[in-house]
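Protein chains in written order, with the numbering used here: chain A, 54 to 624; chain B, 36 to 413; chain C, 3 to 178.
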Amino acid sequence: MAVSKKSSEDLVNVQVDGHWIRVPKGTRMIEACKQAAAEVPHYCYHPKLTSPGNCRMCLVEMGMPPRPTPGEEAELDAEGHAKINWMPRPVIACANTVAEGMGIRTQSLLAKECRQGVMEFLLINHPLDCPICDQAGECTLQEYSVEHGNGQSRFLESKVKKPKNVDIGPRIRLDDERCVLCSRCVRFSKEVVDDDVLGFVDRGSHNTLAVHPDRKLENNYSLNTVDICPVGALTSNDFRFKMRVWFMRETKSLCTGCARGCNTLIGSREGKIYRQGPRENNKVNSAWMCDSGRMEYHRLEDPARLTDPMIKRGRTHNVVDWTEAICRAAKDLSRFKGDELAIIASGGMTNEELYLTRTLAESLEAGVVDVVKRSGSGDDYLSHSDKNPNVNGARKILKLRSPGSRLKLIHAGIAEGKIKALLVLGEDLLDIGFSEEELGGLKCMVLVHMIANPTAKMSTVVLPGAGYAEKRGSMINATGRLQRLNKAIDSPGLSREDWEILQGLNRAVDGKDEVTELVDVFGEMTSAVSIFKGLSFAGIGDLGVDVMDTGESVPLLEREAKRVRDGLIVG
Amino acid sequence: MIELSELLVPAIKIVVLVFAVILPMVAYSVWAERRVSAIIQDRVGPNRVGIPFTKIGLAGLGQPISDGIKFLLKEDFTPGHVNKLYFWLAPALTMVPAILTCAVLPFGSELFGEKMVVADLNVGPLFIFAIASLSVYGIVLAGWSSNSKYPFLGGIRSSSQMISYEISLGLSLVPVLLIFGELNLSAIVEEQSENGWLLLPLWGEGAIWNGGWDRFFLFFPSLLAFIIFTTSIFAETNRLPFDLPECETELVAGYHTEYSSMKFALFFLGEYAAMIIGSGLIVTLFLGGWSLPFGCDAALMQMAGNPEQVPWWLGLIHISTFLVKVVGFIIFFIWVRWTLPRFRYDQLMKLGWIVFFELALLNIFITAGIIFLTRSPD
Amino acid sequence: MPIVVKRPRLTLAEKCYFPALMKGLRITLGHAIRILQRKKKVTMQYPEVKWDDNLPEHYRGAPALVTDEHDRERCVSCQLCEFICPPRAIKIVPEEIPPGDEWQKVEKRPESFDIDMLRCIYCGMCQEVCPEQAIFLRKDYAITGVSREEMIHDKQKLYEIGGKREGLINKWNKLK
């Protein structure tokens, strides 16, 4: 909210559709209506952006109590509020703030007629593209047309033709005929990602959204404009014509592209993911997400996905069933004790998987356990330089002071011939500095991974795992927030969620009955790892909880908070 | 020592009667059932199956054969929860009594000096009742051994229904036996051949102008006995309007719900065999069996010059006369089935116990009284 | 308020059921005789005789896709039929019309369009929901095949059945 201190002096009385509510001073009228559960339709207004007030869809009837002349008492109604004098002309609800005693009517005849008129104007040049438009089904123009529109067009003249199918960037297509000129995309580019490449050209009905002639909309946050576009003017090349939105099931999950842990919604249908977009979380990613994070799901569609557990016999890998593979892996690993065995885990694993790795390492008495460090270039917005999504979890659960530092020991151990067996979890060793000759010296290597990579070719046992959208679990992001991953689709073939594989190995190694539910693994973890004390898997909720203080902050959120303080946006 | 011919001749009779007459008749009464029901309902019915691989249709006469093949080739499924012994026994127990009863039915006069009856028993009707009452075991066992609710209810209904109607069946026959003073079915038919059928006393001593006053007065009790007997046969054979044991709308298929393939077919055939035997019995008792009406038998014998034994052509005429009458009755059975709706169970029991039982009992006394008054005690 | 239905008082003749029985037998016999005399003909001997010429205009047979006067495939793969289809018989994979195509401005067309005729219930919802007048229920009703694969009508087969249909609304005209 715009006003952080909510003392009673800062609250004002507002009447919305006949009911009196109390809202903080400085609240936009549209937000006050939202609190009173009165929906005000709008296109250009977005709480994270400034309000230009140019779509005119949020027109409502407004009234104020008359200012009494000195000595005169204000006329009171039955509830003790001053009587409201309604204004003859409507006002926009998105850019005006409330005042004491203000009245708002969202359902009056005037408000309804205004909306109907605005809808009619918006639709006169709008093409009948709905059958081929990707926005259909989640298009506010469609929705408001049904709710507030006319049903029939009175427009007899020829529609204005504008450019269609314009290439304005590597990931985005623009259809100007569908544009309602709300300027959300223009404002987003300018205000949030400081890449002012969009703007309006021409006048009147020929007013058109265009990209700067010498530039493209190609910043790493460009696809957010597609999300905030209320119509189908901006569409994503990646999602274009792939699937209609009404078929998709949306799963709340996390992006695992970097340590930011942006909250996402994954759209999937019948075991296939079609898109991934941001989910609002004001503690992590506001309402945005980077383009590279959105494309993360394509990694699950790798043609080299592992679908069956395999055991190496001679030079080839044979497909076996799970029981055999797990037993073989457990038997092979238990032959080596202490310094002979090392475990290379991954910062991309969930807390539960890391915890099960820890118990496995304890019962196998593994000498060295470490994760692989993976850094890349971050930016000043959301993208983090640490490309592992859960290094903080690995730090806490595997008790690593400096993750990745012990890989040197493993290199040395293999070179000396001290380390004879290796358990690799979700990493491609040849990609992180190990050589084939080095690994060739090992007696046994067990790999849990989802892709048939070169390391899999060298492993004695290969156990197919699941990708990030194919499993449940929790992760801790760069700012120390514990968040949940959810399962959007099933993993291909016989592959399993990694925590199940690890639990299987645990069971085979120590011969005990282990818990079979993910929530119970989390439950065990809460007593073993101090930062999770008192939590439950369900208790994490959709938005997560802060469990660590890492001293980091999100630059984008800080700038947003400043704009909220300045009263530019609602937030 | 038993002569070989004494064994051979009945064996030939049995084989010919059962496998060349009864079983084909059963098969073709199913076909007739379907065709007749079809024309009654303005349909066509099975009219395509003829000689295989030709276009000759024969009005669908090949249907029973293909049905039979189908029944034989279908999966014979025995559910896991049934009592195996009784489950296997039950279909045989319905089929066998039905076929056994035909042993005493005279299906013709004589052919080459042999009486056209398998066993010329002196207690024909008693034998039939004794054997026919066994068929209730088949149904009860089927219902019970299937170990499932619908067959169980069907079996219960069937047993109580058959036991109830056996009483009126037996009692309604007593007046007929009183009239003929005879329990040998062949003798009864010969008597009718000479002196008029029980329901058509228009020649010989039965005719009124020949002094057959007793038969004139006895006509009405005979008619009543005929109606009660025929109706009870409907109930005994579980046919509509009394097919409550297998009543599809309530009990899926009643006692044979769990049966498939040939075992199901045996129930099916048993029902039709019982219908044929029932028709044969009605024809034998009330409509002169194999005899031709209006004393034609005697006239034809005269034509043949009154030989010692019936000539072969007349024997064949008699056999076909019997079959024609039986077929007529089967068609009547079918006709009734596709006309009347099913009774309610309480109505069925009421009809059996309150109407038919009393009427049949009364009928015995009326008949006895008429015989006492009209026939001089010799 | 319960309704009391009075039982009809039956006469003796009605009570003994016999006249009604005879009446029933007479009716069924009448039908049988009329059929036997061939005065009445109800059943049609199907494969030899067909009713095809008398099928009404609104008859709903196999669904098919149609092309317009200019041989443009009318379907733009909006997938509304796939959505509305009660037995989920329709499966569409959309694709973008490549640049250079005569109808590039339509932008979208089906890459594959399968109707599983084993699932189709001939309800006609697809025709009703289609915003492009691209799918119609034809009068073909004898859809048979010897394998499941054969019973899945693909795009080619659907256009084969549907053929060209003229005089429909041309949304994608020059003005567009």
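For each residue, glycine too, the CB sits at the ideal point set by N, CA and C. Keep in mind the model is a prediction, meaning the values are calculated, not measured.
In its own chain, which residues sit with a C-beta less than 7 Å from the C-beta of D469/A, not counting the 5 before and 5 after it?
Rather than Asp, the amino acid found at residue 469/A in this sequence is Glu. Once the five neighbours on either side are set aside, E469/A has no close Cβ partner at all.
Classify N398/B as buried or exposed, calling it buried when 16 or more other Cβ atoms lie within 10 Å of its own Cβ.
By the neighbour-count rule (16 or more Cβ atoms within 10 Å), N398/B is buried.
Please check the pair L516/A and A378/A, which I expect to be a contact at CB under 8 Å, by giving their CB distance rounded to whole angstroms.
Correct: roughly 6 Å between the Cβ atoms.
What is the residue span of the alpha helix (DSSP H) that E196/A lies within?
From DSSP, the alpha helix (DSSP H) with E196/A extends over T193 to H201.
Note down, in chain order, all residues in the stretch 349–378 of chain B with a beta-carbon under 8 Å from any beta-carbon belonging to chain C.
Here the close residues are W370, V371, W373, T374 and L375.
DSSP state of T369/A, grouped into three classes?
Three-state result, T369/A: strand.
Suppose the cutoff is 6 Å on Cβ atoms and the five residues either side in sequence are ignored; what does the same chain contact list for I311/B look like?
For I311/B, where only same-chain residues beyond five positions count, the Cβ hits under 6 Å are M60.
N404/A: which of R352/A, M301/A and F575/A sits nearest, CA to CA?
With distances taken between Cα atoms, N404/A lies closest to F575/A.
Comparing the C-beta of I75/B with each C-beta of chain C, is any distance below 8 Å?
With 8 Å as the cut-off, I75/B counts as an interface residue toward chain C.
With 8 Å as the C-beta to C-beta threshold (strictly closer), list the residues of the stretch 174–200 of chain A near chain C in chain order.
The residues in question are P180, L181, C183, P184, I185 and A189.
V79/B touches chain C at which residues, Cβ-Cβ below 9 Å?
Per Cβ cutoff of 9 Å: I37, V44, T45 and Q47.
How many Å lie between G324/A and G518/A at the Cα?
So the two alpha carbons sit approximately 16 Å from each other.
Just to confirm, is the Cβ distance from L169/B to P126/B under 8 Å?
Contact: no.
Compare the C-beta of A34/C against all C-beta atoms of chain B and say whether one is closer than 8 Å.
Yes - at least one Cβ of chain B is within 8 Å of the one on A34/C.
How about V213/A and I157/A: are their beta carbons less than 8 Å apart?
No; because the gap between Cβ atoms is not below 8 Å, this pair is not in contact.
Would you kindly work out how many angstroms separate the C-alpha atoms of V65/A and A148/A, rounded to a whole number?
In a straight line, the C-alpha of V65/A is about 17 Å away from that of A148/A.
V78/C versus chain A: which residues are under 8 Å apart at the beta carbon?
Simply P184 and I185.
Could you check whether the Cβ of F115/C sits closer than 8 Å to any Cβ belonging to chain A?
Not closer than 8 Å to any Cβ of chain A, the Cβ of F115/C fails to qualify, so no.
Nearest-angstrom Cα distance between E354/A and L476/A?
Distance between the alpha carbons of E354/A and L476/A: 25 Å.
Determine, for K59/A, whether the minimum Cβ-Cβ distance to residues of chain C falls below 8 Å.
Its pLDDT being 44, under 50, K59/A is placed unreliably by the model, and the measurement read from it follows with that caveat. Output row for K59/A: interface = no.
So, with DSSP's three-state summary, where would you put K59/A?
Confidence at K59/A is low in this model, with a pLDDT of 44, below 50, so the placement of that residue is unreliable and no value is reported for it.
Near R168/A, what residues of its chain come up, given a Cβ to Cβ distance below 8 Å and the 5 sequence neighbours on each side ignored?
Taken in chain order, the residues that qualify are P94, M110, L112, Y197 and H201.
What residue from T261/A, A531/A, E166/A and L558/A has the CA that sits closest to S606/A's CA?
Measuring from the Cα of S606/A, the nearest candidate turns out to be A531/A.
Identify, in the order they occur along the chain, each residue of the same chain with its Cβ nearer than 6 Å to the Cβ of V444/A, setting aside the five sequence neighbours on each side.
Within the same chain, V444/A has close Cβ partners G400 and P456.
Short of 7 Å in beta carbon distance, which residues of its chain neighbour K93/C, apart from the five on each side in sequence? Order them along the chain.
The residues are E84 and D116.
Hey, quick one: how far does the alpha helix (DSSP H) through N277/A stretch, first residue to last?
Per DSSP, N277/A belongs to the alpha helix (DSSP H) from L276 to I281.
Contact check, F122/B vs T113/B under 8 Å by CB: the rounded distance?
Right, the Cβ-Cβ distance comes to about 6 Å (below 8 Å), so this counts as a contact.
Taking the continuous alpha helix (DSSP H) assigned at D118/C, which residues delimit it?
Counting along the chain, D118/C falls outside any alpha helix (DSSP H), though it belongs to the beta strand (DSSP E) covering K110 to D118.
Taking 8 Å as the threshold (C-beta atoms), are L140/B and T272/B in contact?
Contact: no.
Quick one: Cα of A55/B to Cα of A308/B, how far?
Near 13 Å, if we compare the C-alpha coordinates of A308/B and A55/B.
Quick check: what's the CA-CA separation for K524/A versus Y48/C?
Cα to Cα, K524/A sits roughly 57 Å from Y48/C.
Quick check on DSSP: helix, strand or coil for W243/B?
The sequence given here has Ile at residue 243/B, not Trp. Of the three classes helix, strand and coil, the one that applies to I243/B here is helix, per DSSP.
Following the continuous alpha helix (DSSP H) through M24/C, name the residue where it begins and the one where it ends.
From DSSP, the alpha helix (DSSP H) with M24/C extends over F20 to L38.
Can you tell which of P45/B, Q382/B, V390/B and L394/B has the C-alpha that lies nearest to the C-alpha of D155/B?
Closest option to D155/B, Cα to Cα, is P45/B.
Just checking: is the beta-carbon of F300/A within a distance shorter than 8 Å of some beta-carbon in chain C?
It does; some Cβ of chain C falls within 8 Å.
Could you tell me how far apart the beta carbons of Y185/B and G289/B are, in whole angstroms, since I believe they sit closer than 8 Å?
With a Cβ gap of about 7 Å, Y185/B and G289/B count as contacting.
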